[in-house]
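> My questions will all concern the structure given below.
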Amino acid sequence: MAEEKLPTRAEDFAEWYNQLVVRSDMADYAPVRGCMVVKPYGWALWENITSWLDAEFKKTGHVNAAFPTLIPLSFFEKEKEHVEGFAPELAVVTHGGGEELEEKLAVRPTSETIIGHMYAKWIKSWRDLPVLIVQWGSVLRWELRTKLFLRTAEFYWHEGHTAHASAEEALEEMYRILDIYERFCYEEAAIPVIKGTKSETERFAGAHTTTSIEAMMWDKRALQSGTSHYFSTNFSKAFDIQFLNRGNTLQYAETTSWAISSRIIGAIIMVHGDDQGLVLPPRLAPIQAVIVPIFRNDAEKGKVMDVADRVFLELKEAGIRVKMDDRDNVSSGFKFNDWEMRGVPLRVEIGPKDVEKGSVALARRDKPGKEGKTFVSQADLASTVNGLLADVQSSLLKRATDYFNANVHEPKDYEDLKQIVADGWAFAYWCESAECEARVKQDTKATTRNIPLNQPEGEGTCIVCGRPARRKVYFAKAY
RNA sequence: CGGGGUGUGGCUCAGACCGGUAGAGCGCACGGUUCGGGUCCGUGAGGUCCGCGGUUCAAAUCCGCGCACCCCGACCA
């Protein structure tokens, strides 16, 4: 750590992010261009994310499985749009065991093709449906510009792949998953998101319909934080996934796929982080409370540690993810800054004065300085801490929601839209033509994020061309 | 792919024009000191100076070739 302080977000948001990810011990740069190492602290956060999602998927009847990392290159040729979409970012294995391979193998950028191939083999009857499989793993997409978590060649995710007997069921599945994603963002990550449908140009390669959840980062750029796709029969036709229905006629399956990636960690960082460092939502934080004992000599140390150890056990037994910072080679001031950098939601300070008074000092991460510091009784501390953690969680969501609302605007006209997307999101009627979308992108670099599922009553006119428009869309610059 | 830049302890960099036994800060180890908001002092470990070739008594430094990485642009979930 050369410098002690991070650059402020206002000074240089990109640099703030880059330094924070490394200094908070979340991740590090790998020796391979475009790749990252997720460090134990970052992975612990990811595990908290994945375990919640995994439980929700299982509740809704999904099962986990694993498919190979290597996919015959020819599989990508089978779906025209899919191959066009992914060809530029494929990594291809050409040699194995010292020999050049007959059939080149792609390192999976996503698994629709190989899973489609297997589904064709497995699905023969309406009795085999639905198939509801989730794969947890990593994928590889060749990327030149790297940003840890947000854009790396290899990233971690789950990909759900389902097959259904009818379009209705498949669409229902797509929305069911989108709802789970939305709930994850609000309840766990404390991030407000917009659920909606992607425009034709922003749609997943090969999909009939792509839906997404979109979140606003601190710099007001949008981050697509999860996607859920309905393929209709595009992939089942390409891979010949057919079954005999109840009427004994051959029918193509209706399929979906959906994903949230480790990119969501970038969202958590960029939504909640402040100039001191990370701010993690308590429900996902690997460490929810850290105890910092404070003392000047051995006599004080003995007394303080007695209390600190007792408090540690009490919190731990109450199910709180608590950490004791008993390092003796750094000052307590250093520790305060250190845990703030790492985003621990709550700090428990215990010093000689607290031992005397039967109190502890609680400092909440979301409110820096004295404002967030309270002195509370040691009695019944676990419930006090739990209450405060819940309060931090809801305060983060409220703050992020207020920020979102304050930075979405409805443009009066096209000129107004240009102004708005320079530093915010615009919400406006759009005729849904690719021409108008392209013009906005050309003029402002902003793209359509999604067409929210919740639409206001009535109709309007396109903010770009003035023609009649049925639905409103969000325009914003995106990551 | 086009333009620009940089390669020197773990990190950030000085040294290079003007060739002469490789340096600083931070980090790390050890000892002490300190601890209620980024303590201080001492001791110490750690380097094929990106690679190959050339010039020279002598190359981190000069010359040639190569490699890698970074930044800007173009392209892109």
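Residues 559 to 1037 (the numbering used here) are what the first sequence spells out, left to right.
C-beta: ideal position from N, C-alpha, C; glycine also.
Can you look up residue 732 in the DSSP assignment and give me helix, strand or coil?
Within the first sequence, numbered from 1, the residue matching residue 732 stands at position 174. In the structure shown, residue 732 sits in a helix (DSSP, three-state: H, G or I).
> Hey, residue 833 and residue 581: beta-carbon distance below 7 angstroms or not?
Against the first sequence, residue 833 aligns to sequence position 275. Against the first sequence, residue 581 aligns to sequence position 23. Contact: no.
> Below 8 angstroms on the Cβ atoms is my contact criterion, and I expect residue 717 with residue 709 to pass it. Report the Cβ-Cβ distance as a whole number of Å.
What you label residue 717 is simply residue 159 of the first sequence in a count that begins at 1. What you label residue 709 is simply residue 151 of the first sequence in a count that begins at 1. The pair is not a contact, with the Cβ atoms about 18 angstroms apart (cut-off 8 angstroms).
> Please report the distance separating the alpha-carbon of residue 898 from that of residue 843.
Locating residue 898 in the first sequence gives position 340, where the first residue counts as 1. Locating residue 843 in the first sequence gives position 285, where the first residue counts as 1. Roughly 12 angstroms separates the two Cα atoms.
> Using the rule of at least 16 other Cβ atoms within 10 Å of the residue's Cβ for burial, across every protein chain shown, is residue 889 buried or exposed?
Sequence index remark: in the first sequence, residue 889 carries index 331 (1-based). Per the 10 Å Cβ criterion, exposed.
> How long is the line joining the alpha carbons of residue 961 and residue 806, rounded to whole angstroms?
Looking up residue 961 in the first sequence gives position 403. Looking up residue 806 in the first sequence gives position 248. Their backbone Cα atoms lie some 56 angstroms apart in a straight line.
> Does the distance from the CB of residue 998 to the CB of residue 992 come in under 7 angstroms?
Here residue 998 refers to the residue found at position 440 when the first sequence is read from its first residue. Here residue 992 refers to the residue found at position 434 when the first sequence is read from its first residue. No.
> Per DSSP, what are the beta-bridge partners of residue 852 in this structure?
Along the first sequence, one-based indexing puts residue 852 at 294. BP columns for residue 852 are empty, so no partner.
> Find out if the Cβ-Cβ distance for the pair residue 777, residue 571 is shorter than 7 angstroms.
Within the first sequence, residue 777 is the residue found at index 219, counting from 1. Within the first sequence, residue 571 is the residue found at index 13, counting from 1. For residue 777 and residue 571, yes; Cβs fall inside 7 angstroms.
> What does DSSP give as the partner residue(s) for residue 695 in the beta ladder?
As a position in the first sequence, residue 695 is number 137, starting the count at 1. BP columns for residue 695 point to 715.
> Going by DSSP, name the residue or residues bridged to residue 819.
Translated into positions along the first sequence, residue 819 becomes position 261. Its beta-bridge partners are 715.
> Are residue 681 and residue 719 closer than 7 angstroms when you measure CB to CB?
Start at 1 with the first residue of the first sequence, and residue 681 comes out as number 123. Start at 1 with the first residue of the first sequence, and residue 719 comes out as number 161. The answer is no: Cβ separation not under 7 angstroms.
> How far does the alpha helix (DSSP H) with residue 609 in it reach, from first residue to last?
Locating residue 609 in the first sequence gives position 51, where the first residue counts as 1. First-last of the alpha helix (DSSP H) with residue 609: 598-617.
> Locate the beta strand (DSSP E) running through residue 790, then write down its first and last residues.
Counted from its first residue, the first sequence places residue 790 at position 232. Unbroken beta strand (DSSP E) run through residue 790: 780-790.
> Starting from the Cα of residue 564, find the closest Cα among 985, 896 and 670 and give me that residue.
In the first sequence, residue 564 corresponds to position 6, counting from 1. The option with the nearest alpha carbon to residue 564 is 896.
> Report yes if the CB atom of residue 815 is closer than 7 angstroms to the CB atom of residue 732, and no otherwise.
For the purposes of this step, residue 815 is taken as the residue at position 257 of the first sequence. For the purposes of this step, residue 732 is taken as the residue at position 174 of the first sequence. Taking 7 angstroms as the Cβ cut-off, residue 815 and residue 732 do not qualify as a contacting pair.
> Ignoring anything shorter than 3 residues or poking outside the segment 932-1000, list the beta strand (DSSP E) runs there in chain order.
Counting whole runs of 3 or more residues, the segment 932-1000 contains the beta strand (DSSP E) stretches 983-988.
> Provide the residue(s) that pair with residue 753 in DSSP beta bridges, ordered along the chain.
As a working note, residue 753 is residue 195 in the first sequence. Beta-bridge pairing links residue 753 to 771.
> Output the distance between the C-alpha atoms of residue 742 and residue 706, rounded to the nearest integer angstrom.
Numbered from 1 along the first sequence, position 184 holds the residue referred to as residue 742. Numbered from 1 along the first sequence, position 148 holds the residue referred to as residue 706. In a straight line, the C-alpha of residue 742 is about 22 angstroms away from that of residue 706.
> Using alpha carbons as the reference points, say which of 603, 617, 775 and 611 lies closest to residue 1034.
Counting from one through the first sequence, the residue named residue 1034 turns up at place 476. For the residues 603, 617, 775 and 611, the minimum Cα distance to residue 1034 belongs to 775.
> What's the gap between the Cα of residue 559 and the Cα of residue 818?
On the first sequence, residue 559 is found 1 positions in, with the first residue counted as 1. On the first sequence, residue 818 is found 260 positions in, with the first residue counted as 1. Model confidence at residue 559 stands at a pLDDT of 35, short of 50, so the residue's coordinates are unreliable; what they give is reported in the following sentence. Their Cα atoms are separated by approximately 32 angstroms.
> Do you know how far the Cα of residue 750 is from the Cα of residue 593?
Mapped onto the first sequence, residue 593 falls at position 35. Mapped onto the first sequence, residue 750 falls at position 192. Those two C-alpha atoms are separated by around 29 angstroms.
> Mapping the DSSP letters down to three states, classify residue 707 as helix, strand or coil.
Here residue 707 refers to the residue found at position 149 when the first sequence is read from its first residue. If DSSP states are grouped into helix, strand and coil, residue 707 belongs with coil.
> Between residue 764 and residue 670, what straight-line distance do the alpha-carbon atoms span, to the nearest angstrom?
The residue given as residue 764 occupies position 206 in the first sequence. The residue given as residue 670 occupies position 112 in the first sequence. Cα-Cα distance, rounded: 10 angstroms.
> Give the single residue among 802, 871, 784 and 957 whose Cα lies nearest to the Cα of residue 678.
The residue given as residue 678 occupies position 120 in the first sequence. The shortest Cα separation from residue 678 among 802, 871, 784 and 957 belongs to 802.
> Please confirm if the segment 1005-1012 is in contact with the segment 753-764, defined as three or more CB-CB distances below 8 angstroms between the two stretches.
As far as the Cβ criterion goes, the segment 1005-1012 touches the segment 753-764, which means the pair count is three or higher.
> Closer than 8 angstroms by C-beta to residue 550: which residues in its own chain qualify, once you throw out the five before and the five after it? Chain order, please.
There is no way to answer for residue 550, as the model of the chain reaches only from 559 to 1037.
> Note down the Cα distance separating residue 847 from residue 587, rounded to an integer number of angstroms.
Residue numbering aside, residue 847 sits at position 289 when the first sequence is read from its first letter. Residue numbering aside, residue 587 sits at position 29 when the first sequence is read from its first letter. Straight-line Cα distance between these residues: approximately 28 angstroms.
> Just reading off the beta strand (DSSP E) that residue 1032 is part of, what are its end residues?
On the first sequence, residue 1032 is found 474 positions in, with the first residue counted as 1. Where residue 1032 is concerned, the enclosing beta strand (DSSP E) stretches over 1029-1034.
> Comparing alpha-carbon positions, which option in 579, 591 and 615 lies nearest residue 603?
Position 45 of the first sequence, counting from 1, holds the residue named residue 603. Cα-wise, what sits closest to residue 603 is 579.
> Could you tell me the boundaries of the beta strand (DSSP E) in which residue 586 lies?
Indexing the first sequence from 1 puts residue 586 at position 28. Per DSSP, residue 586 belongs to the beta strand (DSSP E) from 585-587.
> Please report the Cβ distance between residue 1027 and residue 972, rounded to the nearest whole angstrom; I am assuming they are in contact, meaning their Cβ atoms lie under 8 angstroms.
Position 469 of the first sequence, counting from 1, holds the residue named residue 1027. Position 414 of the first sequence, counting from 1, holds the residue named residue 972. No, residue 1027 and residue 972 are not in contact; Cβ-Cβ is about 13 angstroms, not under 8 angstroms.
> Using only alpha-carbon positions, find the residue among 854, 862 and 906 that is nearest to residue 879.
On the first sequence, position 321 is the one that residue 879 refers to. Minimum Cα distance to residue 879 is reached at 906.
> In chain order, what residues of the same chain have a beta carbon less than 6 angstroms from the beta carbon of residue 861, not counting five sequence neighbours either side?
Within the first sequence, the letter at position 303 stands for residue 861. So the list reads 913, once near-sequence residues are dropped.
> In the DSSP assignment, what are the bridge partners of residue 801?
Counting from one through the first sequence, the residue named residue 801 turns up at place 243. In DSSP, residue 801 forms a bridge with 809.
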